[in-house]
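Below is one structure, written out as structure tokens; the observations come after it.
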Amino acid sequence: MNVTVFGTGYVGLVQAAVLAEAGNKVVCIDIDEDKVARLTQGHIPIYEPGLEPLVENSIAAGNLSFSTDAAHGVAHGELIFIAVGTPPDEDGSADLRHVLTVAATIAGHMDEKKFIITKSTVPVGTADKVRTAVEGKLAERGRSDLDFDVISNPEFLKEGSAVADCMKPDRIIIGTSDDESEQKLRQLYAPFNRNHDRILVMDVKSAELTKYAANCMLATKISFMNEMANIADRMGADIEAVRQGIGSDPRVGYHFIYPGIGYGGSCFPKDVKALISSAREMDLPAEILTSVESCNERQKHYLVNKVEAHFAGELAGRTFALWGLSFKPNTDDMREAPARVLMERLWEQGARVQAFDPEAMDECRRIYGARDDLQLCGSKEEALDGADALIVATEWQQFKAIDIPSVKSALKQPVVFDGRNLYDPQQLVGAGIEYYCVGRPQ
Ligand code: UGA
């Protein structure tokens with residue numbers, strides 16, 4: 032099928048590459064000329080396992096191309112995805128400017144029927160706004176005779192496993208009440224819908240809300256567990272035992288109940304805020320989500336509060352080794368990362384940070400620039416060198432194995448603050464290391 036994708040961010044790029052690999056002819060349109068030039072050479076601006084070869088192969092096979100020419104994109108695609116960003120406004124609501132601009136662009140160039148698919152996470156009612164924008168532009172052109180449909184088809188990919196999630200989706204949500212649109216998308220997704228049926232067809236608004244409900248549910252699980260961890264911490268219980276104790280009930284399940292120092296990334300914080308904002312517009316208080324959000328903000332301070340308490344508030348002049356900068360493993364993304372709150376609080380108090388992350392070093396440099404109180408190190412060992420204490424903020428695989436004697440000898444004070452419960456408290460304490468983690472007795 033001929034497919035056009037507007038927006039070459041995470042969502043658009045991954046979806047485009049996966050559809051191209053399945054044999055579709057995919058054109059990606061972006062307004063950023065530099066990015067388009069780099070993508071055309073096969074250079075991927077983000078770290079996402081498996082994406083680069085997929086893009087390179089699809090370009091070589093002639094199934095994937097990149098362009099800034101919107102008219103070409105609109106002419107090419109019978110199916111046109113809108114996968115541009117929806118950054119939060121001041122009040123947390125999603126800013127639809129880019130989505131609606133693309134809608135008007137499509138209407139400005141189309142001269143035959145188009146299936147317009149919203150892939151960006153957009154508030155309930157956005158498809159209607161896209162429809163109105165398209166109708167408005169077509170009327171302006173005197174082309175109200177042209178037919179089109181707007182379909183909601185939210186994505187559920189996770190950073191770090193985006194390609195796999197896209198190739199083997201848990202579910203494919205098609206929000207439309209139009210039979211032809213449903214058939215088109217069924218055809219497009221047929222290669223990803225083998226063995227058992229993953230396609231769920233529903234009305235547009237339910238599809239839009241499903242996306243938010245999914246992320247808000249997951250964020251709620253995390254904040255709930257973090258609250259339990261804080262309670263366990265004060266009560267002297269072990270949240271890791273409690274986690275297994277509740278996870279064994281299939282109604283709760285083991286997934287996504289790991290306590291830590293808060294969720295981050297581009298999705299959960301943004302989507303929770305956006306749904307709160309949408310609910311409030313309708314005079315609904317969204318009490319659970321409001322608490323999920325505030326618990327998460329507080330949780331980002333959990334570990335640094337422990338650091339302060341340990342050093343009796345005297346952090347000036349101290350050096351901290353920091354393992355992990357990205358908001359989670361297998362990504363270089365530092366948006367809303369707990370490590371940022373941590374570093375910024377340490378800096379405010381005059382401490383230095385020696386940081387190491389397997390992928391996010393460039394991103395950290397881009398965000399914070401060169402500063403005296405930040406040293407970006409070449410390895411996790413180098414980060415430890417001469418530091419007062421070690422702080423672990425992200426559960427990268429390579430941090431899970433800890434060489435206790437060398438950590439102990441590299442640190443001035445053998446103390447480890449673990450925001451992801453990676454280590455066995457008894458082992459560390461037994462080796463003479465003071466150990467702080469989340470919701471487990473020391
Ligand atoms: C999330 C959802 O998981 C995807 O299904 C969704 O498609 C995506 O948002 C989106 O809306 O685009 P992502 O932001 O990539 O994906 O990250 P997750 O893997 O879900 O992790 C989110 C955060 O929760 C991370 O900071 C992680 O450390 C934290 N987390 C996760 C916990 O603290 N505990 C857990 O048990 C699980």
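Heads up: the sequence shown at position 360 corresponds to 391 in the numbering used here, and the numbers run straight through without jumps. We treat Cβ as the ideally placed atom computed from N, Cα and C, and that holds for glycine.
Flag this pair as touching only if the stretch 179-187 and the stretch 203-210 have three or more C-beta atom pairs under 8 Å; answer yes or no.
Taking 8 Å as the limit for Cβ pairs, the verdict is that the stretch 203-210 does touch the stretch 179-187.
So, with DSSP's three-state summary, where would you put Phe223?
For Phe223, the secondary structure class from DSSP, reduced to helix, strand or coil, is helix.
Could you have a look at Leu110 and say whether DSSP puts it in helix, strand or coil?
Three-state result, Leu110: strand.
Report the start-end ranges of each beta strand (DSSP E) in the stretch 147-233 that is 3 residues or longer and not cut off at the edges.
Entirely contained in the stretch 147-233, the beta strand (DSSP E) runs reaching 3 residues are, in chain order, 179-183, 203-206, 230-233.
Bridge partner(s) assigned by DSSP for Leu405:
Its beta-bridge partners are Val384.
Give the single residue among Phe255, Leu407, Pro436 whose Cα lies nearest to the Cα of Cys326.
Comparing Cα-Cα distances from Cys326 to each of Phe255, Leu407, Pro436, the minimum goes to Phe255.
Just to confirm, is the Cβ distance from Gly104 to Ile75 under 8 Å?
No. Outside cutoff.
Suppose you measure from the CA of Val194 to the CA of Ile277; what does that come to, to the nearest Å?
Taken atom to atom, the span from the alpha-carbon of Val194 to that of Ile277 is near 31 Å.
Continuous alpha helix (DSSP H) assignments of at least 4 residues falling wholly in the stretch 281-344:
If we require 4 residues or more, the alpha helix (DSSP H) runs fully inside the stretch 281-344 come out as 299-312, 318-330, 333-341.
To the nearest angstrom, how far is the alpha carbon of Ala280 from that of His286?
One detail in the question is off: residue 280 reads as Asp in this sequence, not Ala. Approximately 11 Å between the Cα atoms of the pair.
With hydrogens ignored, establish whether the beta-carbon of Asp247 is closer than 7 Å to any heavy atom of the ligand UGA.
Rather than Asp, the amino acid found at residue 247 in this sequence is Cys. In this structure, Cys247 has its beta carbon at no less than 7 Å from each heavy atom of the ligand UGA.
According to DSSP, is Ser124 helix, strand or coil?
Assigned with DSSP and collapsed to three states, Ser124 falls in coil, not helix or strand.
Could you check the C-alpha separation between Pro154 and Asn224 for me, to the nearest Å?
Distance between the alpha carbons of Pro154 and Asn224 is about 27 Å.
Pop quiz: Ser212 and Phe146 are said to be a contact at Cβ under 8 Å. What is the actual Cβ separation, rounded to whole angstroms?
Indeed they touch by this definition, with Cβ atoms about 6 Å apart.
Does the beta-carbon distance from Arg396 to Asp269 come in below 8 Å?
No, Cβ-Cβ distance for Arg396 and Asp269 is not below 8 Å.
Can you tell which of Glu52, Val130, Arg451 has the C-alpha that lies nearest to the C-alpha of Ile253?
Of the listed residues, the one whose Cα sits closest to Ile253 is Arg451.
Checking the sheet assignment: what are the DSSP bridge partners for Trp354?
Per DSSP, Phe387, Val423.
Tyr466 bridges to which residues according to DSSP?
Note: Tyr466 sits in a beta bridge opposite Val447.
For Asn94, which residues of its own chain have a beta-carbon under 8 Å away from its beta-carbon, when the five flanking residues on both sides are left out?
Here the set comprises Ala51, Glu52, Gly54, Asn55, Lys56, Val57.
Does Thr39 come out as helix, strand or coil in the three-state DSSP assignment?
Coil.
For a test of the three-state rule: what should DSSP assign to Ser410, helix, strand or coil?
Note: Ser410 maps to coil in three-state DSSP.
List the endpoints of the continuous beta strand (DSSP E) containing Leu95.
First-last of the beta strand (DSSP E) with Leu95: 95-98.
Just to confirm my understanding: we take Asp126, look at its own chain, exclude 5 residues before and 5 after, and list those with CB closer than 8 Å. What are they?
Once the five neighbours on either side are set aside, the close Cβ partners of Asp126 are Thr117, Pro118, Pro119, Asp120.
Within 7 Å: the Cβ of Phe223 and any heavy atom of the ligand UGA?
Every heavy atom of the ligand UGA is 7 Å or more from the Cβ of Phe223, so no.
Taking the beta strand (DSSP E) that Ile60 belongs to, which residues open and close that run?
Where Ile60 is concerned, the enclosing beta strand (DSSP E) starts and stops at 56-60.
Given that a residue counts as buried once 16 or more other Cβ atoms are within 10 Å of its Cβ, and exposed if not, what is Ile292?
By the neighbour-count definition (other C-beta atoms within 10 Å, threshold 16), Ile292 is a buried residue.
What is the DSSP secondary structure of Pro118, reduced to helix, strand or coil?
Coil.
Give the DSSP-derived three-state secondary structure of Asn361 in the structure shown.
It is coil, neither helix nor strand.
Determine the contact status of Glu239 and Gln46, defining contact as a CB-CB distance below 8 Å.
At least 8 Å separates the beta-carbon of Glu239 from that of Gln46.
The alpha helix (DSSP H) that contains Tyr78, what's its start and end?
First-last for Tyr78: undefined, no H or E at that position.
By a C-beta neighbour count over all protein chains shown, 10 Å radius and 16 as the cutoff for buried, is Ala250 buried or exposed?
Its Cβ being crowded by 16 or more others within 10 Å, Ala250 is buried.
Nearest-angstrom Cα distance between Gly267 and Met259?
Cα-Cα distance, rounded: 12 Å.
Under 8 Å, do Ile148 and Val133 count as touching if we go by C-beta distance?
Contact annotation: Ile148 and Val133 have beta-carbon atoms that are not nearer than 8 Å.
Alpha carbon to alpha carbon, how far is Ser440 from Asp302? Give it in angstroms, no decimals.
Cα-Cα distance, rounded: 44 Å.
I need the straight-line Cα distance from Val460 to Ser437, nearest angstrom please.
The C-alpha of Val460 lies about 15 Å from the C-alpha of Ser437.
Once DSSP output is grouped into helix, strand and coil, what is the label at Asn257?
Per DSSP, reduced to three states, the secondary structure at Asn257 is helical.
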